[in-house]
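K.L.:
Below is a structure I'd like to ask you about.
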Amino acid sequence: AQSVTQPDIHITVSEGASLELRCNYSYGATPYLFWYVQSPGQGLQLLLKYFSGDTLVQGIKGFEAEFKRSQSSFNLRKPSVHWSDAAEYFCAVAPRMDSSYKLIFGSGTRLLVRP
Amino acid sequence: DTGVSQNPRHKITKRGQNVTFRCDPISEHNRLYWYRQTLGQGPEFLTYFQNEAQLEKSRLLSDRFSAERPKGSFSTLEIQRTEQGDSAMYLCASSLGTGLAGGTYEQYFGPGTRLTVT
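As given, the protein sequences belong to chains A and B, one line each in that order. If you use the working numbering, the first sequence corresponds to residues 5 to 119, in order. If you use the working numbering, the second sequence corresponds to residues 322 to 439, in order.
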């Protein structure tokens, strides 16, 4: 079945530490890949996206993500976390063969930042 | 570009009442999407429009739900005879989908309408 998996429900890191949030997908062909962030009371904000080409993509707020076809993964990374990064992070995919380009989201990872 | 706006931001209603939400997309965007997000979950697709045409509806969209996008601008989502299970955040997103290879697929989300059914 087609799915998006974020295996970590919660992650806690210390401010200044590095971060990696995991995302795996299960689709017949590589979909379009996205990471969104949701802060309390705010809408979803697009951090970065992968359509094709370079498998390491840079996003806003110092985030990057690496697409690994062999692992069906699109993990989000940040070298040094700031307290303001505390939020919920969602991985999402849009199947290429679906002309609606509707997004299918994982269940999210809540990031807590220790001072 | 003022972003996607949604009204109201919060709605509390009693079971059995009808509610209507409004979404104003980014002005030049031709695609508009509705999603529903329950606590602890990621958003789930409900329906989408290209201009004024509603092109797809999810199985989540029961007969009590109806969405419109007259004139291809703002959209409304109506829920009739609300049930407690309808309590959720309703998110609207818009994108510029040209249908061509050069189209973009990035969706921009509004802040959502939080519905509580008592």
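Backbone N, C-alpha and C fix where the C-beta goes; we use that ideal spot for every residue, glycine too. Values in this document were obtained by computation on a predicted structure and should not be read as measured data.
In chain B, which residues lie less than 7 Å from Phe109 of chain A when you measure between Cβ atoms?
P.N.:
Gly363 and Pro364
K.L.:
Quick one: give me the first and last residue of the beta strand (DSSP E) that Tyr36 of chain A is part of.
P.N.:
Looking at the DSSP string, the run of the beta strand (DSSP E) that includes Tyr36 of chain A is Tyr36 to Gln42.
K.L.:
Identify whether Arg402 of chain B lies in helix, strand or coil by the three-state DSSP scheme.
P.N.:
coil
K.L.:
Using the beta-carbon count (16 or more within 10 Å), is Pro11 of chain A buried or exposed?
P.N.:
Exposed is the call here.
K.L.:
Use the C-beta contact count for Ser88 of chain A: other C-beta atoms within 10 angstroms, 16 or more gives buried, fewer gives exposed.
P.N.:
exposed
K.L.:
Could you check if Gln46 of chain A is buried or exposed, using at least 16 other CB atoms within 10 Å of its CB as the buried criterion?
P.N.:
exposed
K.L.:
Taking only beta carbons into account, state which residues of the segment 423-438 of chain B come closer than 8 Å to chain A, listed in chain order.
P.N.:
Within the segment 423-438 of chain B, the residues whose Cβ lies closer than 8 Å to some Cβ of chain A are Tyr426, Glu427, Gln428, Tyr429, Phe430, Gly431, Pro432 and Gly433, listed in chain order.
K.L.:
Can you tell me whether Pro35 of chain A is buried or exposed, with buried defined as 16 or more other CB within 10 angstroms of its CB?
P.N.:
buried
K.L.:
Return the CA-CA distance between Ala422 of chain B and Tyr54 of chain A, expressed in angstroms with no decimal places.
P.N.:
Confidence in Ala422 of chain B is poor, its pLDDT being 49 and thus under 50, which makes the residue's placement unreliable; the coordinate value appears in the next sentence. Cα to Cα, the separation comes out at about 15 Å.
K.L.:
Touching or not, the segment 334-351 of chain B and the segment 392-408 of chain B, by the rule of three or more beta carbon pairs under 8 Å?
P.N.:
yes
K.L.:
Measure the alpha-carbon distance for Arg385 of chain B versus Thr437 of chain B and round it to whole angstroms.
P.N.:
A straight-line Cα-Cα distance of about 16 Å links Arg385 of chain B and Thr437 of chain B.
K.L.:
Using a beta-carbon distance cut-off of less than 8 Å, what residues from the segment 354-387 of chain B approach chain A?
P.N.:
Tyr354, Tyr356, Gly361, Gln362, Gly363, Pro364, Glu365, Phe366, Tyr369, Leu376 and Glu377
K.L.:
Taking a Cβ distance cut-off of 8 Å, strictly less, list which residues of the segment 88-112 of chain A are near chain B, in chain order.
P.N.:
Phe94, Ala96, Ala98, Ser103, Ser104, Tyr105, Lys106, Leu107, Ile108, Phe109, Gly110, Ser111 and Gly112
K.L.:
In whole angstroms, what separates the C-alpha of Lys106 of chain A from that of Ala388 of chain B?
P.N.:
Taking the straight line joining both Cα atoms gives about 16 Å.
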